[in-house]
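Residue numbers (our numbering), protein chains in the order written: chain D, 1 to 203; chain H, 1001 to 1203; chain Z, 2001 to 2203.
Where a beta carbon is used, it is the ideal one built from N, C-alpha and C, also for glycine.
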């Protein structure tokens, strides 16, 4: 169950990276590389920070297959995927929720103090997208959209508080992920009418 | 004493990142993230290179509080901080001095050969600012201002030579930090009249 | 023999970084820093991914001397080096071949599964150039030139298959490196007449 959700999160992040790569007119390989970097970058950073060897993103072949395969599918069907932009944003929110939650949990179980675990969790969720934007010469979205990082922070703190209260990890992870998704979806909904002003502001 | 200086260095780097973020018109969270990245990035890279687990930047809450708090203060008072640009540059020099020195010392004490320790120390001092500039789509300042990296090199070599001569680490660290600050301040002073030519040249 | 080839690879990558830095009008120090980053970045990423401490790029002084010295030479003689652009591209291909091969082999000998070893090897070969391009605000070349990464993949897979068949590592490494160089040279040859269309496409 958790693994299935994790793979959905990876596919969602991979799709966001591949769509960005197609827009930047990268070739097939560039699209696949960016899909894999976006999907696996956050987990890689998490494992480097926590000293996990070897990094799970490199040795778990289903992660690699799903990330690369998603990039390939986006490359071939990108006119369709472009139309599915809202679905991608929703899946991206799911990915963010799952990655922040799993990153925070992993760090807590390895004995990191709560604030460090929250930082690691947020980095896990945000890192892949930041690498994607840097490679494409964009200022990372997370730096310009307040609600993205705030959602990640809220989810990470929820996991940390649940851990501190001794609550069972499974339900807490579900609640934290749902919270992140809900905040992201609400944020996307509310900004529906103000994307241009936002861009003028943020650029 | 050393801890107090270290926190001043972190605050200085955080202020430089936050001012750059405000100039790039990032929102509140972007400013805080960039302040923390600039202030803690160098130490994080150092710990990853040296294999220190967990990275001290993540588990030492005063570092996080000072870096994030400085970002917040800059965001609210940035018109004032802009006017304090010279003070920020001075504090940045102090931060560079302390980070290069502490990075070189840490590497030497962990048994790294002198040239490797100098590289690690320079990376510690320069890394945070480089990450800041990459995230804001700038060519890192250190690549364009010779004297910045030369100052770092001079300080790192001073620490390594002192260690090689068996001199006491404390005074050597103070001398090396002071050297870096002095070179930086002199460099800023001397370029007072030639910033435009410099930019035309370097861009 | 292998060490000599490795140093040639480092010099080749350093030259590519230094030429790019001269073109971006960086100063002397910027050119040297970019030469060292390009030449040593891939190996550094490899060692961080594999948990090798300390990273060999930092503690092997001939690597540092060759990388920095090459940067210095390019800085002083860059009009000549510019004319040697084809030689640099050839040397770059040699560097790619050696780095991908050695990265894949190292990962396999440390017990990584084949697909992970291929990823690590490709990252070793491609990483330095990617860091170079990000620092100079370019979309990494590898994302835009399909044949670059495909050559790396082919070499890495050759090493992994050779390892799986139990073939002796030395000859396999030579064949894999030669394959990468051959593919790269052929690719450069064939694109001789279409660089502008390519750029229009890829930008």
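{"query": "Skipping 5 residues on each side, what residues in its chain have a beta carbon closer than 8 Å to that of residue 4 of chain D?", "result": "none"}
{"query": "Output yes if chain H places a C-beta closer than 8 Å to the C-beta of residue 115 of chain D; else output no.", "result": "yes"}
{"query": "Going by CA-CA distance only, name the one from Z:2062, Z:2098, Z:2142, Z:2135 that's closest to residue 2171 of chain Z.", "result": "Z:2098"}
{"query": "Could you check what DSSP says for residue 138 of chain D in three-state terms: helix, strand or coil?", "result": "coil"}
{"query": "Is residue 24 of chain D close to chain Z? Criterion is C-beta to C-beta, closer than 8 Å.", "result": "yes"}
{"query": "Assuming residue 1094 of chain H contacts residue 1155 of chain H (C-beta within less than 8 Å), just tell me the rounded distance between them.", "result": "About 12 Å separates the two Cβ atoms, so there is no contact after all."}
{"query": "Judging by CA-CA distance, which residue of D:175, D:96, D:8, D:176 is the nearest neighbour of residue 64 of chain D?", "result": "D:8"}
{"query": "If you draw a straight line from the C-alpha of residue 153 of chain D to the C-alpha of residue 2175 of chain Z, how long is it?", "result": "50 Å"}
{"query": "Residue 2046 of chain Z by DSSP, collapsed to three states: which one?", "result": "helix"}
{"query": "Which runs of the alpha helix (DSSP H) at least 4 residues long sit entirely within the region 97 to 136 of chain D? Give them in chain order.", "result": "114 to 135"}
{"query": "Could you tell me which uninterrupted alpha helix (DSSP H) segments, each at least 4 residues in length, are contained entirely in the region 2155 to 2192 of chain Z, listed from first to last along the chain?", "result": "2169 to 2190"}
{"query": "Which runs of the beta strand (DSSP E) fall wholly inside the region 9 to 44 of chain D and span at least 3 residues, in chain order?", "result": "none"}
{"query": "Take the Cβ of residue 2168 of chain Z as the centre, count every other Cβ of all protein chains shown within 10 Å, and call the residue buried at 16 or more, exposed below.", "result": "exposed"}
{"query": "Let me know the secondary structure DSSP gives residue 267 of chain D once reduced to three states.", "result": "In the structure as shown, chain D begins at 1 and stops at 203. Residue 267 of chain D is therefore absent and cannot be evaluated."}
{"query": "Whole angstroms are fine: how far does the CA of residue 91 of chain D sit from the CA of residue 2057 of chain Z?", "result": "40 Å"}
{"query": "Assuming residue 1125 of chain H and residue 1107 of chain H are in contact, meaning their beta carbons sit under 8 Å apart, how far apart are those beta carbons, in whole angstroms?", "result": "Rounded, the Cβ-Cβ distance is 12 Å, inconsistent with contact."}
{"query": "Would you please verify whether the beta carbon of residue 61 of chain D is less than 8 Å from any beta carbon of chain Z?", "result": "yes"}
{"query": "Helix or strand or just coil, what does DSSP make of residue 1060 of chain H?", "result": "coil"}
{"query": "Note down, in chain order, all residues in the region 1043 to 1060 of chain H with a beta-carbon under 9 Å from any beta-carbon belonging to chain Z.", "result": "1048, 1049, 1050, 1051"}
{"query": "Which bits of chain D does residue 1137 of chain H rub up against, with CB to CB less than 8 Å?", "result": "137, 138, 139"}
{"query": "Grab me the residues of residue 2068 of chain Z's own chain with a C-beta within less than 6 Å of its C-beta, minus the 5 sequence neighbours each way, in chain order.", "result": "2032, 2036"}
{"query": "Just mark residue 1200 of chain H as buried or exposed, buried being the case when its beta carbon has 16 or more other beta carbons within 10 Å.", "result": "Confidence is the limiting factor: at residue 1200 of chain H the pLDDT is only 32, short of 50, which leaves the residue's position unreliable and the question unanswerable from this model."}
{"query": "I'd like to know whether the C-beta of residue 1030 of chain H is nearer than 8 Å to at least one C-beta of chain D.", "result": "yes"}
{"query": "Run down chain Z in chain order and give the residues with a C-beta less than 8 Å from the C-beta of residue 1186 of chain H.", "result": "Within 8 Å Cβ-Cβ: nothing; residue 1186 of chain H doesn't reach chain Z, min ~16 Å."}
{"query": "Quick test of your reading: residue 1039 of chain H and residue 1128 of chain H, contact by CB under 8 Å. State the CB separation rounded to the nearest angstrom.", "result": "6 Å"}
{"query": "Report yes or no: is there a C-beta of chain H within less than 8 Å of the C-beta of residue 2174 of chain Z?", "result": "no"}
{"query": "Excluding the 5 residues preceding and the 5 following residue 2147 of chain Z in the sequence, name in chain order all residues of the same chain whose CB lies nearer than 6 Å to its CB.", "result": "2187"}
{"query": "Using a Cβ-Cβ cutoff of less than 6 Å, which residues in the same chain neighbour residue 1045 of chain H once the five nearest sequence positions on both sides are dropped?", "result": "1123, 1127"}
{"query": "In chain Z, what lies closer than 9 Å to residue 1112 of chain H by C-beta?", "result": "2054, 2058, 2059"}
{"query": "From the beta carbon of residue 2167 of chain Z, is the nearest beta carbon of chain H less than 8 Å away?", "result": "no"}
{"query": "Using a Cβ-Cβ cut-off of 7 Å (strictly less than) and excluding sequence neighbours within five positions of residue 1110 of chain H, which residues of its own chain qualify?", "result": "1050"}
{"query": "Using a beta-carbon distance cut-off of less than 8 Å, what residues from the region 1117 to 1136 of chain H approach chain Z?", "result": "1119, 1120, 1130, 1134"}
{"query": "Is the separation between the beta-carbon of residue 113 of chain D and that of residue 1159 of chain H shorter than 8 Å?", "result": "no"}
{"query": "Determine, for residue 2143 of chain Z, whether the minimum Cβ-Cβ distance to residues of chain H falls below 8 Å.", "result": "no"}
{"query": "In its own chain, which residues sit with a C-beta less than 6 Å from the C-beta of residue 2149 of chain Z, not counting the 5 before and 5 after it?", "result": "2142"}
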